[in-house]
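Chains as they are written, first to last, in the numbering used here: chain A, 1 to 119; chain B, 1 to 227.
C-beta atoms are modelled at their ideal positions from N, C-alpha and C, and glycine is treated no differently.
Everything numeric in this text was worked out from a predicted model, so none of it was measured.
Heads up, the thing below is written out as structure tokens.
Structural data, given as structure tokens:
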């Protein structure tokens, strides 16, 4: 129980990552695969934020005097995730546009019926 | 069969991750780099928000690369959808009066909020990327609510290019005037926690805000035209 409450953010983040990976590996519908990529990405972002957290920390912003710099969480993972989220949106849009192209070309989104996409 | 292979792969990956993370407990004090940024970031960059000073000052070059990735993704989306033949115009059912009035009322407010977010990026949580996303959400509202309205492609492309140009030009000016590196902070730092502080950071964030907002609005425009 102690292990669970200490590592709950890691467990949640990796839960999301594994759900995303499982969807990518197993599902046949291309839209569902793209949703899986999105979930995977959310999990990775959550994991990066959790790595930078320190116990009872505050946001790394000196918005008022008297904030203790020792209590602030690590700003580097937050800066990484800030940009990763925007990149994620762009990648999602690009993937959806390619899915539209595939649908127009083959008339289906089922990966089993598209010869070049089967594995 | 696929499911079994997937589960086996996941178990292998899970085992590796547990082995790797076993040594990193949750909630321990941060890295040396993060500590340095928190201790020195205020004097060196003048921004109250340490994350902003990392994104735009210490790692400004990475942010330029990241903006480029976003730009390339938007171009790629346009290129992937542009070659499709345009269908004949669908009949668009006009939306109701309440929806149209509500959109018209909310649109400037959302724009204002987005602008607030990216102008205050060095003081509060927020910044160019978040503000740009909020501005793009205002355009989604217009596209879904007042159907039939479109943003002009020329103005969105112009805004986008101007934003990117301002970013690069400020970086080059910093290289020439300030220090010996790209994107050095050559403007006066000002007083901490005031709007006119932190040198070039607010200017770059405003440029990024316009760029990301127009880019995401262009992406939405491309996708809506297609569907």
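**Asked** DSSP state of residue 31/B, grouped into three classes?
**Response** Position 31 of the second chain holds residue 31/B. Correct three-state label for residue 31/B: coil.
**Prompt:** Whose CA, out of 219/B, 221/B, 204/B, 216/B, lies closest to the CA of residue 47/B?
**Reply:** Translated into the one-based positions of the second chain, residue 47/B becomes position 47. Measuring from the Cα of residue 47/B, the nearest candidate turns out to be 204/B.
**Request:** Throw me the rounded Cβ distance for the residue 78/B and residue 222/B pair, which I believe falls under 8 Å.
**Result:** Your numbering for residue 78/B matches position 78 in the second chain. Your numbering for residue 222/B matches position 222 in the second chain. Indeed they touch by this definition, with Cβ atoms about 6 Å apart.
**Per-residue contacts from residue 73/B into chain A (C-beta, under 7 Å)** = On the second chain, position 73 is the one that residue 73/B refers to. The contacting residues are 90, 91, 93, 94.
**Request:** Starting from residue 66/B, trace the alpha helix (DSSP H) both ways and give me its first and last residue.
**Result:** Translated into the one-based positions of the second chain, residue 66/B becomes position 66. It spans 60-82 - the alpha helix (DSSP H) in which residue 66/B sits, taken as one unbroken run.
**Request:** Give a yes or no on whether 8 Å exceeds the smallest Cβ distance from residue 181/B to chain A.
**Result:** Translated into the one-based positions of the second chain, residue 181/B becomes position 181. Cβ-Cβ to chain A under 8 Å: no for residue 181/B.
**Request:** Buried or exposed for residue 93/B, please, with buried defined as at least 16 other CB atoms from any protein chain shown within 10 angstroms of its CB.
**Result:** Along the second chain, read from residue 1 onward, the residue named residue 93/B stands at position 93. Residue 93/B is exposed by the Cβ-count criterion.
**Prompt:** Got a sec? Which residues, its chain only, sit under 8 Å from residue 38/A by beta carbon, not counting five neighbours each side?
**Reply:** The count along the first chain starts at 1 and reaches residue 38/A at position 38. For residue 38/A, where only same-chain residues beyond five positions count, the Cβ hits under 8 Å are 20, 88, 92.
**Prompt:** At a CB-CB cut-off below 8 Å, which residues of chain A make contact with residue 3/B?
**Reply:** As a working mapping, residue 3/B is identified with position 3 in the second chain. Correct list: 26.
**Request:** Could you tell me the boundaries of the alpha helix (DSSP H) in which residue 108/B lies?
**Result:** Indexing the second chain from 1 puts residue 108/B at position 108. 97-119 is the span of the alpha helix (DSSP H), which, as asked, contains residue 108/B.
**Item:** Meets three-Cβ-pair contact criterion under 8 Å: the region 65-83 of chain A and the region 33-52 of chain B
**Value:** Proximity of the region 65-83 of chain A to the region 33-52 of chain B meets the contact definition, three or more beta-carbon pairs being nearer than 8 Å.
**Asked** Just checking, does the region 143-157 of chain B make contact with the region 171-190 of chain B on the three C-beta pairs under 8 Å criterion?
**Response** Taking a cut-off of 8 Å for Cβ pairs, the region 143-157 of chain B and the region 171-190 of chain B do not touch, as fewer than three such pairs fall below it.
**Message:** In whole angstroms, give me the CA-to-CA distance for residue 18/A and residue 112/A.
**Reply:** Here the question's residue 18/A lines up with position 18 in the first chain. Here the question's residue 112/A lines up with position 112 in the first chain. Cα-Cα distance, rounded: 23 Å.
**Request:** Decide if residue 50/B is buried, meaning its Cβ has at least 16 other Cβ atoms within 10 Å, or exposed.
**Result:** Counted from its first residue, the second chain places residue 50/B at position 50. Within 10 angstroms of the beta-carbon of residue 50/B lie 16 or more other beta-carbons, which makes it buried.
**Item:** 9 Å Cβ cut-off: residues of chain A touching residue 110/B
**Value:** If you number the second chain from 1, residue 110/B lands on position 110. None at all; the shortest Cβ gap to chain A is about 17 Å.
**Asked** Taking only runs of the alpha helix (DSSP H) that begin and end inside the region 3-87 of chain A, which ones reach a length of at least 4 residues, in chain order?
**Response** 8-26, 30-52
**Asked** Along chain B, in chain order, which residues have C-beta atoms closer than 8 Å to that of residue 110/A?
**Response** Position 110 of the first chain, counted from the first residue, corresponds to residue 110/A. By Cβ distance, chain B contributes nothing, its closest Cβ being about 13 Å from residue 110/A, past 8 Å.
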